[in-house]
Amino acid sequence: MRASETGFIFVFDEPKRSEDLQSLLPRVKTFTDTISVPDWPLKGAYVVFLSLDGAKLTHLALARRGNNVASFKAQVRFTHVIPFRPLAFDEIETKMQGGLRRYFLRVSTSSGGRVPPSTWSELLRVLFDARPEVKADFEIVERAAHRDLVRVSGATGPTLGQERDAFTLALRLFGVDLKKQDFIWDGDASTPIVKGVRQLEKRKAPRDDRSRRSTAA
């Protein structure tokens, strides 16, 4: 099963946590939380939707399950978090055949679970009809999820690793904050790692006052 054929809807219904995330997410695109995820395989990434107010879908993200940290709970890392025009649960359910709320993974109660493929497909249809601009962002996050499933072997693996490490080092030397960047690679060995960078903010070069004074003299 492809990672994008099913997914999760995380509902952050604890007021304090919701407020913290609403303050954090405009500035960063990644965060980690400890959540009960009983229906999640040990490996793999999923395209997920987030609700920060308990009433509407508000964000799209890529989620990866980490280590277990407590009884029935694990660390979940959310990356590629992308906001979109909120869509109310009530509006979604009026346009769907089956129920959706029973799958909501509510952070406060640890209830809910993975959305089955048929319901997930119907949810995407309703969402893309109501918010067509979300589809392009969904496909970006979907490619990132597929990248996690790619297993490169033979001589290609070391080459890609060296390319990635060299590129990362160059970004650090250039002054780029790697925590604020999205690296999307679709797993195609013929596609360079650098092609997956969506946008980088360049640091302004410092003024060389000594050179300016020397030229004036």
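Position one of the sequence shown corresponds to residue 55 (this note's numbering), numbered consecutively onward.
Virtual Cβ for every residue (Gly too), placed ideally from N, Cα, C.
Burial state of residue i, where buried means 16 or more other Cβ atoms lie within 10 Å
{"i": "F48", "result": "A question about residue 48 goes unanswered here, because the residues of the chain that appear run from 55 up to 271."}
{"i": "V123", "result": "exposed"}
{"i": "L78", "result": "exposed"}
{"i": "E187", "result": "exposed"}
{"i": "S72", "result": "buried"}
{"i": "K83", "result": "buried"}
{"i": "F66", "result": "buried"}
{"i": "E193", "result": "exposed"}
{"i": "A224", "result": "exposed"}
Residue i to residue j span [Cα, whole Å]
{"i": "R168", "j": "V101", "result": "11 Å"}
{"i": "P80", "j": "F64", "result": "18 Å"}
{"i": "A198", "j": "L116", "result": "8 Å"}
{"i": "H180", "j": "F228", "result": "Just to set this straight, residue 180 is Val in the shown sequence, not His. Approximately 43 Å between the Cα atoms of the pair."}
{"i": "D191", "j": "E59", "result": "16 Å"}
{"i": "P170", "j": "R155", "result": "12 Å"}
{"i": "E68", "j": "D74", "result": "10 Å"}
{"i": "F62", "j": "E196", "result": "13 Å"}
{"i": "G166", "j": "H200", "result": "24 Å"}
Strand pairing of residue i, partner residues [DSSP]
{"i": "A99", "result": "R118"}
{"i": "S165", "result": "R160"}
{"i": "L111", "result": "L141"}
{"i": "V130", "result": "D87 and R119"}
Residues near residue i in its chain [Cβ-Cβ closer than 6 Å; skip 5 each side]
{"i": "Q76", "result": "L106"}
{"i": "R139", "result": "R185"}
{"i": "H113", "result": "L104, V135 and P137"}
{"i": "I146", "result": "V180"}
{"i": "R118", "result": "A99 and R131"}
Nonlocal neighbours in the same chain, by C-beta distance under 8 Å from residue i, ignoring five residues either side
{"i": "K31", "result": "Any property of residue 31 remains undetermined from this structure, which presents the chain solely from 55 to 271."}
{"i": "G120", "result": "T86, A128, Q129, V130 and R131"}
{"i": "F126", "result": "S90, P92 and S164"}
Residues of its chain near residue i, where Cβ-Cβ distance is below 7 Å and the 5 sequence neighbours each way are ignored
{"i": "K189", "result": "F182"}
Notebook entry, point to check: With contact counted as at least three CB pairs below 8 Å, one residue from each stretch, are the region 79-92 and the region 155-163 in contact?
Noted result: Yes: at least three Cβ pairs fall under 8 Å.
Checklist line | Touch test, the region 139-154 against the region 170-179, Cβ-Cβ under 8 Å, three pairs minimum | finding: In this structure the region 139-154 lies against the region 170-179, because at least three pairs of beta carbons, one per stretch, are closer than 8 Å.
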